[in-house]
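Below is one structure, written out as structure tokens; the observations come after it.
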Amino acid sequence: MSNWIIYLSLFVLLLLSAYKLTGRETRGKQQEDVQFEKSDTVLQELSQMGWSQTALSRVKGQINSAEAGLFASSSFHRLCLAQWQGSKQEKQQHLAFFLSFLDFPKEWKGSAEEAATLLEKMSKETPPHHPFWKDFAGFVAECFSDESQEGLWRDLHQLRYLIANQQANWVRQHHGENGQSDRDALISYLKTLKKKVYRLDESARLHNKVFLAANGHQVCHFSPNLKILVHFHSEFILSAEGQFLLIGDGQFDKNGTINGASFNYASRNNRLHWLLDIAPVRKMDPVFRKNMMKTKAGRYLSPSLFPRKNLSFSLKNWAFHYKNPRGLTALNGVSKYSQVQREIKKLKREVESG
Numbered sequence: 000m001s002n003w004i005i006y007l008s009l010f011v012l013l014l015l016s017a018y019k020l021t022g023r024e025t026r027g028k029q030q031e032d033v034q035f036e037k038s039d040t041v042l043q044e045l046s047q048m049g050w051s052q053t054a055l056s057r058v059k060g061q062i063n064s065a066e067a068g069l070f071a072s073s074s075f076h077r078l079c080l081a082q083w084q085g086s087k088q089e090k091q092q093h094l095a096f097f098l099s100f101l102d103f104p105k106e107w108k109g110s111a112e113e114a115a116t117l118l119e120k121m122s123k124e125t126p127p128h129h130p131f132w133k134d135f136a137g138f139v140a141e142c143f144s145d146e147s148q149e150g151l152w153r154d155l156h157q158l159r160y161l162i163a164n165q166q167a168n169w170v171r172q173h174h175g176e177n178g179q180s181d182r183d184a185l186i187s188y189l190k191t192l193k194k195k196v197y198r199l200d201e202s203a204r205l206h207n208k209v210f211l212a213a214n215g216h217q218v219c220h221f222s223p224n225l226k227i228l229v230h231f232h233s234e235f236i237l238s239a240e241g242q243f244l245l246i247g248d249g250q251f252d253k254n255g256t257i258n259g260a261s262f263n264y265a266s267r268n269n270r271l272h273w274l275l276d277i278a279p280v281r282k283m284d285p286v287f288r289k290n291m292m293k294t295k296a297g298r299y300l301s302p303s304l305f306p307r308k309n310l311s312f313s314l315k316n317w318a319f320h321y322k323n324p325r326g327l328t329a330l331n332g333v334s335k336y337s338q339v340q341r342e343i344k345k346l347k348r349e350v351e352s353g
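Written out as structure tokens, the structure is:
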């Protein structure tokens, strides 16, 4: 009986030894596989671009090294998701790294040459409804800071105008035919989306600025501009003449530069929308836009609204009010708000027809 116990004990010890040996061999094989994968040409190229080893070990899906440095491409998107981890400070560093692929100029002058150079570094094939835009906006919202890294936040703010250019160009390229207006191309695009994806009812007040002369009375108007959102983030501003209004496209069109589209980092109208997408305009806008917004002759202003928390009536506020049919922003007895709503109804009928 005692011999049987001894033999059984020896057998168990042999099994344990064999198991440990097999485990060491398996782990060794896994380490060899990891080393082999990291020595792969594509991964070496990605590492040289600056993508972290952690990101390269976590990335899912096929990665095209030629696209890995192309902002907003599918490969760039996958790598961004894999790299996005760590503290708030580390994530701000990730954002700065993502932006480095665009090599944003310290002073964006808005020329056509600059626009072409910057847009070449951004994927032309990423549509406005692509999940990259939502994810990238989420990155920015997640690590927003009022004070730190002012240069980073300036670039992120001005990037909003560049993204709007990319998205307008995508619509023109994929939905615009010979002789079609931007309006026709946008309608064609919106028809491919579910109704819940786009919005035509968001206020366009901030994109309907008027020129108020220095004397405080003389006003110059643009035609009503319409605002169309896709997933809230992607924004199109359309003039009543059917043209996309863009900032920094090299055209220096007054209506475009003053009232043009900008990508939204926030996902809805809330305090974060104010902090990320509205408040930075005054401080971080490119000089070429600031110079056009205010001159010795006067300045461009958005029609006013009564403050939500202060319902006291103000004659000055009402004179410039968005909904005042006899105010300074009205035209021929029709408020700027009513002008916009009239054009939006026309657009909605066209989008929903057929």
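Mapping of the sequence shown onto numbering that gives the first Met the number 0: position 157 corresponds to residue 156, and the numbering continues sequentially without gaps.
The beta carbon of each residue, even a glycine, is placed where N, CA and C say it ideally should be.
It should be emphasised that the depicted structure is a prediction, and the values quoted were computed from it without experimental measurement.
On the CB-based measure, 16 or more other CB atoms within 10 Å of its CB, does residue i come out buried or exposed?
i	result
LYS226	buried
VAL170	buried
LYS37	The pLDDT assigned to LYS37 is 40, lower than 50, so where the model puts this residue is not dependable, and the model offers no usable value.
VAL209	buried
ALA265	buried
ILE343	buried
PRO130	exposed
LYS105	exposed
GLU234	buried
THR392	The question about residue 392 has no answer, for the chain in this structure spans 0 to 353.
LYS335	buried
What are the residues that DSSP puts in a beta bridge with residue i?
i	result
VAL41	VAL41 pairs with nothing; no bridge assigned.
PHE135	Note: PHE135 sits in no beta bridge, so no partner.
HIS129	Partner(s): none; HIS129 has no beta bridge.
PHE70	MET121
ARG198	LEU228
CYS219	PHE210
PHE243	LEU237
LEU330	VAL333
HIS76	HIS76 is not bridged to any residue.
Could you check where the beta strand (DSSP E) with residue i kicks off and where it finishes?
i	result
SER122	Unbroken run through SER122: none, as it is neither H nor E.
GLU234	233-238
LYS226	224-229
I'd like the span of the alpha helix (DSSP H) that includes residue i, first residue to last.
i	result
GLY163	The amino acid occupying residue 163 in the given sequence is Ala; Gly does not appear at that position. Taken as a continuous stretch (DSSP letters only), the alpha helix (DSSP H) holding ALA163 covers 149-174.
ILE343	335-351
SER56	52-57
ALA65	No alpha helix (DSSP H) holds ALA65; DSSP gives it neither H nor E.
ALA95	87-99
ASP102	Here ASP102 belongs to no alpha helix (DSSP H), and DSSP marks it neither H nor E.
SER187	181-189
Any heavy atom of the ligand NAD within a distance shorter than 7 Å of the CB on residue i?
i	result
PHE138	The ligand NAD is not among the ligands present in this structure, which contains no ligands whatsoever.
In the segment 249-302, which residue ranges form an unbroken beta strand (DSSP E) of at least 3 residues, counting only runs that do not cross its ends? 297-300, all fully within the segment 249-302.
The segment 243-262 in contact with the segment 187-197 per 3-pair CB rule at 8 Å: No, the segment 243-262 does not touch the segment 187-197.
Does the segment 53-65 come close enough to the segment 73-86 that 3 or more CB-CB pairs lie under 8 Å? yes
Whether or not the segment 176-188 and the segment 255-274 are in contact is what I'm after, with contact meaning three or more pairs of Cβ atoms, one per stretch, closer than 8 Å; do they touch? no
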